[in-house]
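Under the working numbering, residues 282 to 726 are what the sequence shown spells out, in order. Here's the structure, in structure tokens; my notes come after.
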Amino acid sequence: MRAISRPVSRIAGSVRAPGDKSCSHRAVMMAAVAHGESTVTGLLEGEDVINTAKAVKALGAGVERTGPGAWTIQGVGANGFSSPSADIDFGNSGTGARLMMGLVGGHAVAARFVGDTSLSSRPMERVLKPLREMGVAADTAPGGRLPAVIRGGNLKAIRYAPPEASAQVKSAIMLAGLRADGVTVVEEKEATRDHTERMLRAFGVEVGVEERAHGGPIVSVRGGQSLKALKAEVAGDPSSAAFALAMALIAGEGAATVTGMLDNRTRTGFIDAAQAMGADLRTEEDGQATGEDTVRVIATPSRLRGIALDPALVPSMIDELPIFAVLAAFADGKTTVTGAAELRVKESDRIKAICAMLAVNGVEVEELPDGFIVTGCGARGVPGGGTVEARHDHRIAMSALVMGSATKTGVSVDDIAMIATSYPEFFDHMATLGAQVEKSEAEKS
């Protein structure tokens with residue numbers, strides 16, 4: 282399936298941010314190893330999270346969908362997983378696969394992890410290295426990639442300093458540390474999203490966080506703690522909300538409101554960066570969810586200016602960099618992004634994918650080893666007319682369709698199937714806000 286996004290002058294309306302993908306994964310995983318029955322509402326029902334739910338069910342947890350975004354999970358308790366009878370397929374989800382390696386590693390079971398072509402090309406060694414130090418046995422395909430057989434149990438606590446800022450590495454270590462002998466410590470190079478720490482506390486686990494003047498925090502968890510079942514509510518996803526907000530910022534007129542978005546300092550990079558460009562973004566308190574505050578955000582069309590993005594913001598907006606690049610395309614002047622080498626190992630090589638997305642639509646862009654430089658075309662100045670190769674990457678596909686709404690001639694995307702992995706409501710929300718997107722069957726060669 283392909284699509285074309287045609288230019289529109291007005292973007293207006295209100296949508297609720299879909300459940301945060303990071304929090305959804307963690308809620309399912311933690312409920313699966315808690316004692317008792319948990320209920321989770323607001324869960325993102327994209328393919329990635331559904332695959333995580335299938336994974337914990339294969340390992341012995343009881344999982345039942347009771348309504349839209351509402352799930353009941355019967356936890357197995359400490360050491361309660363059992364070896365699955367078949368491979369665990371994570372599809373395209375790096376978060377699901379990597380965090381589950383840590384969770385499974387703490388149990389005396391064996392499981393074979395597989396994924397689609399894209400996930401099977403992504404590196405897993407950054408997670409498996411510390412897990413092996415803890416005592417997890419892991420056999421992988423060449424290059425430390427999937428398929429991987431994980432054998433857990435009898436772990437020892439470690440003190441580990443990841444060489445790169447990665448919430449996935451930190452989280453996998455912490456989840457394994459729940460069943461390790463001693464106190465497991467992670468010294469972060471930079472602060473990363475802290476949903477694992479917050480969610481663990483909500484499930485009754487004591488987590489230590491020591492802030493440092495230089496570098497990221499030191500996070501610790503004592504092994505042997507039990508998780509207690511709860512009623513969890515998942516906050517809205519800032520990474521998904523960014524698409525609606527960006528579309529309003531580059532529109533000719535109107536205003537868009539996104540409600541229920543989680544408000545967490547480790548995830549506010551896109552808002553901060555857009556405001557540095559001159560974006561008119563206002564936030565208002567909008568309640569709470571499990572472990573997180575939530576806000577509503579109002580975006581109105583803005584004259585944007587190019588900036589040199591502070592590399593310190595990159596970890597808190599790593600998933601939003603493709604849509605941030607779209608803002609840069611409609612800004613006046615140059616925007617430089619560095620310190621984002623992590624983009625090379627996402628669902629695609631996102632640096633190359635971002636540059637190709639902009640270039641094929643008439644935007645001058647320079648690829649850097651760890652980022653890119655965009656020479657903006659100014660408000661409503663992007664020519665468009667190109668067909669973007671999604672490269673099996675949902676965020677590239679969605680960013681391109683948002684860009685098309687404000688170009689002179691529209692933007693086509695060659696494949697939109699993978700958007701369902703993270704944002705099933707994307708096309709409904711686009712239409713609600715006034716975008717004109719037409720879908721068609723992909724041409725067969």
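In this text, a Cβ means the ideal position worked out from N, Cα and C, and glycines have one as well. The structure displayed is predicted, hence computed values, not measured ones.
Residues of its chain near residue i, where Cβ-Cβ distance is below 7 Å and the 5 sequence neighbours each way are ignored
i, result
"V626", "R403, P404"
"M558", "L585, R586, I588, L608, A612"
"E514", "T322, G323, A570, T571"
"T347", "T353"
"H306", "V330, T333, T376, G377, L380"
"L526", "A537, V539, L562, V578, A580"
"H710", "V296, A525"
"V258", "Residue 258 is absent from the model: the chain starts at 282 and stops at 726."
Reference residue i, options the options, closest by Cα
i, options, result
"R563", "D329, D370, S583", "S583"
"R440", "A448, A560, G463, A418", "G463"
"Q355", "R379, S366, D368, A339", "A339"
"F512", "A570, L459, A536, V539", "Just to set this straight, residue 512 is Lys in the shown sequence, not Phe. It is A570 whose Cα lies nearest to the Cα of K512."
"L624", "L639, V607, V595, G643", "V595"
"K410", "A367, H388, M382", "M382"
"W352", "E326, T320, G341", "T320"
"V385", "C304, A483, G361", "G361"
"A731", "A446, P443, K437", "Lying before the first or after the last residue shown, residue 731 is absent from the chain, which here runs from 282 to 726."
"E487", "V641, M455, T473", "M455"
"S401", "R379, R426, A313", "R426"
"S363", "A391, A378, A622", "A391"
"F605", "A483, A723, S680, N642", "S680"
"G424", "A634, R407, M415", "R407"
"S303", "A293, L325, F707, P428", "L325"
"I599", "A560, T547, E565", "T547"
"V466", "L714, E706, M415", "M415"
"A448", "P428, A461, Q506, R479", "R479"
"M528", "G485, T581, Q506", "T581"
"A442", "A367, V450, E468, G652", "E468"
"I635", "M310, G659, T668, A660", "T668"
"D301", "G350, V337, G343, V718", "G350"
"Q556", "L590, V450, A622", "L590"
"L412", "R393, Q717, S452", "S452"
"P428", "R661, F394, P444", "F394"
"G505", "L481, A359, R631, E706", "A359"
"R661", "K720, I632, G652, L530", "L530"
Beta-ladder partner(s) of residue i, from DSSP
i, result
"D651", "D651 pairs with nothing; no bridge assigned."
"V669", "V694"
"A589", "T617"
"R322", "The residue you asked about is not Arg; residue 322 is Thr in the sequence shown. T322 is bridged to E514."
"A429", "F394, T421"
"M542", "G517, V576"
"T656", "K615, E645"
Residues near residue i in its chain [Cβ-Cβ closer than 8 Å; skip 5 each side]
i, result
"M542", "A298, A516, G517, D518, P519, A522, D567, T575, V576, R577, V578"
Pair within 8 Å by beta-carbon distance, residue i and residue j
i, j, result
"P592", "G614", "no"
"F371", "N435", "no"
"H673", "S629", "yes"
"G433", "V417", "yes"
"H316", "K509", "yes"
"V289", "F524", "no"
"V644", "V663", "yes"
"T376", "D329", "yes"
"A284", "V607", "no"
"A678", "I654", "no"
"E601", "A637", "no"
"G533", "R287", "no"
"G665", "A610", "no"
"E722", "M282", "yes"
"G387", "R460", "yes"
"A313", "V357", "yes"
"G535", "G715", "yes"
"F708", "V692", "no"
Sequence-distant residues of the same chain with beta carbon closer than 6 Å to residue i, five excluded per side
i, result
"S726", "At S726, the pLDDT of 49 sits below 50, so the modelled position is not reliable; the number obtained from the coordinates is stated separately. Around S726: no qualifying Cβ."
"A446", "K470, E471, T473, P596"
"D264", "Outside the displayed range of the chain (282 to 726) lies residue 264, so it cannot be described from this structure."
"N373", "D397, S399, L400, T702"
"E345", "T353"
"R676", "P603"
"I369", "A336, A339, A392, F394"
Worksheet item: Does the segment 489–504 come close enough to the segment 546–553 to have 3 or more Cβ pairs within less than 8 Å?
Response: Result no; under three Cβ-Cβ pairs closer than 8 Å.
Discussion item. Does the structure place the segment 528–542 close enough to the segment 499–507 that three or more beta carbon pairs sit under 8 Å?
Written reply: They do not touch, by the three-pair rule.
Worksheet entry | Touch test, the segment 684–702 against the segment 645–652, Cβ-Cβ under 8 Å, three pairs minimum | No, the segment 684–702 is not in contact with the segment 645–652.
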